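The numbering used here puts the first residue of the sequence shown at 93, with every later residue one more than the last.
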Amino acid sequence: LIIEVARVYGSAGAEAKRCVLRAVEGPVRAAAPRQATQLSPAYVALLDECPRGAETLLTRLVHIFTEKAPPSQELVSKVRELYATRVSDVRFLIPVLTGLSKKEILAALPKLIKLNPMVVKEVFNKLLGLQNPHDENSPVTPAELLVTLHLIDPSKADLKYIIKATALCFAEKQTYTQDVLSAVLQRLSEEPEIPVLMMRTVLQALTLYPALGPLVLNILQLLIEKEVWLNKVAWEGWVKCCERLVPACGALLAGLGPRPLAQAAAAPRLLAALRDHLHQMPPHHRNALPHHVLALAQQEPAPAYPAPPTPGPGMAPMSVPPPSMTPVPSNTPIPTLTPVPPPNPVEPLPPGME
């Protein structure tokens, strides 16, 4: 009977399909506990020979089968085969996610995070074991899930989807504990290329768990070795992290080259942290620092006008005469100011002005 229903469903219109889905839901849900452990011959036949156009019916049936029980290996195998050959919609995999291998789950992740936000939430609940207590342990750990999101190729999923997906992870504070985020940050810092969203995640983790400060300092040091200042996005995040870690970041700043140090020291708090660090160093250690570090730390802002000489003992203070005001002849042409051209939207703004 279910095969015949699927054939009718496949050739029916949209309204008729909705009626069929509502009609079969009750009987299928009643049989679901048995189908979850061992599929009946009728459902095996349906999975093997799903009529064209009946893929959405089949997807709904598989969802019902796994609502209150983990998927059987037989069901996982059938769904895997159908996804590879017939049903290209990644939503077909969601009911059996916890039965797939880690490699299969991570390969499907770029497609999964582009689905409706409520569906993505359901996916993450399954993978993190938050949806049903009966679910078996997911092949993917919370740390692996968050790391993989950072490593998704931007050509496969727009950055906005990845950002929303990472936000779902951070929202589960009982799952993404300090220890889990520590493992994530350490793993990301080992990547040859700095992931685009890495510094964003470092800042979020530091906000949630300030005790991660020492670990973040170590990561910032590793990024110096990777010449982080050559990556505009990562460098801006690096500087922001340092500002969060004042005054402990002083030693990091002293290890920068001339150009990146000058850029970082443009932030007054970081320049103050560098000076405090140098002030606390023993003189022989301080004198061994590179010249550009000492010069920048000792640099004072130039006064707007030259200060008058300080009078010596017994001398009266010198009065500085006001500048003479020579009248401007009436026939002198008044210079006109050249208007500043509007910014070109095509040209990038200077760093920090976006």
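We treat Cβ as the ideally placed atom computed from N, Cα and C, and that holds for glycine. What you are looking at is a predicted structure, and each value in this text was computed from that prediction instead of being measured.
- Hey, how far is the Cα of Thr124 from the Cα of Leu150? Contrary to the premise, residue 124 reads as Ala rather than Thr in this sequence. Spanning the two alpha carbons is a distance of roughly 13 Å.
- Exposure label - Ala106; buried when at least 16 CB within 10 Å: Under a 10 Å Cβ-count criterion, Ala106 is classified as exposed, with fewer than 16 other Cβ atoms of the shown protein chains found around its own Cβ.
- Message: If you measure between the beta carbons of Ala134 and Gly102, is that distance less than 7 Å?
- Response: No, Cβ-Cβ distance for Ala134 and Gly102 is not below 7 Å.
- Please name the residue in Leu353, Asp368, Arg361 whose C-alpha comes closest to that of Leu388. Of the candidates Leu353, Asp368, Arg361, the one whose C-alpha sits nearest the C-alpha of Leu388 is Leu353.
- Does the beta-carbon of Val325 have 16 or more other beta-carbons within 10 angstroms, so that it is buried, or is it exposed? Val325 comes out exposed.
- Task: Output the distance between the C-alpha atoms of Glu236 and Glu282, rounded to the nearest integer angstrom.
- Result: Spanning the two alpha carbons is a distance of roughly 14 Å.
- Relative to the alpha-carbon of Thr240, which residue among Lys256, Lys265, Leu280, Arg114 has its alpha-carbon at the smallest distance? The residue from Lys256, Lys265, Leu280, Arg114 with its alpha-carbon nearest to that of Thr240 is Leu280.
- Figure out for me which residue from Pro163, Gly347, Pro339, Pro162 has the closest Cα to the Cα of Gln313. In this structure, Gly347 is the residue among Pro163, Gly347, Pro339, Pro162 with its C-alpha nearest to the C-alpha of Gln313.
- Message: Once the 5 residues before and after Ala257 are set aside, which same chain residues still bring their CB inside 6 Å of it?
- Response: Ile205, Leu241.
- CB-CB under 7 Å to Trp330, same chain, minus the five flanking residues each way: which ones, in chain order? These residues qualify, in order along the chain: Met291, Leu312, Leu315, Val320.
- Message: My output table needs one value for Ser274: the three-state DSSP class, helix, strand or coil.
- Response: In the structure shown, Ser274 sits in a helix (DSSP, three-state: H, G or I).
- Task: Return the CA-CA distance between Leu243 and Asp250, expressed in angstroms with no decimal places.
- Result: Straight-line Cα distance between these residues: approximately 12 Å.
- Range of the contiguous alpha helix (DSSP H) that encloses Met290: Its alpha helix (DSSP H) spans residues 290-300.
- Could you tell me whether the Cβ atoms of Lys248 and Pro302 are closer together than 7 Å? No, the Cβ-Cβ distance between Lys248 and Pro302 is not below 7 Å.
- Contact under 7 Å by Cβ, Ala200 with Leu220: Between Ala200 and Leu220, the gap from beta carbon to beta carbon reaches 7 Å or more.
- Task: Could you check if Pro187 is buried or exposed, using at least 16 other CB atoms within 10 Å of its CB as the buried criterion?
- Result: With 16 or more other Cβ atoms within 10 Å, it is buried.
- Item | Three-state secondary structure assigned by DSSP to Asp368 | Assignment of Asp368 by DSSP, reduced to helix, strand and coil, places it in the helix class.
- Query: Is Leu138 near the ligand PLP, in the sense that its beta carbon is under 6 Å from a heavy atom of that ligand?
  - Reply: This structure lacks the ligand PLP, and indeed carries no ligand of any kind.
- Query: Applying the criterion that 16 or more other CB atoms from any shown protein chain within 10 Å of the CB defines a buried residue, is Lys170 buried or exposed?
  - Reply: Residue burial is scored here from C-beta neighbours: Lys170 has at least 16 other C-beta atoms within 10 angstroms and is therefore classed as buried.
- Query: In angstroms, rounded to a whole number, what distance separates the CA positions of Pro360 and Ile254?
  - Reply: Each residue's alpha carbon lies about 33 Å from the other.
- For Val212, which residues of its own chain have a beta-carbon under 6 Å away from its beta-carbon, when the five flanking residues on both sides are left out? Excluding the 5 residues flanking it on each side, Val212 has same chain C-beta neighbours closer than 6 Å at Ile205, in chain order.
- Throw me the rounded Cβ distance for the Val294 and Leu277 pair, which I believe falls under 8 Å. That pair is a contact at about 6 Å.
- Query: What are the boundary residues of the alpha helix (DSSP H) that includes Asp140?
  - Reply: The continuous alpha helix (DSSP H) containing Asp140 extends over residues 133-140.
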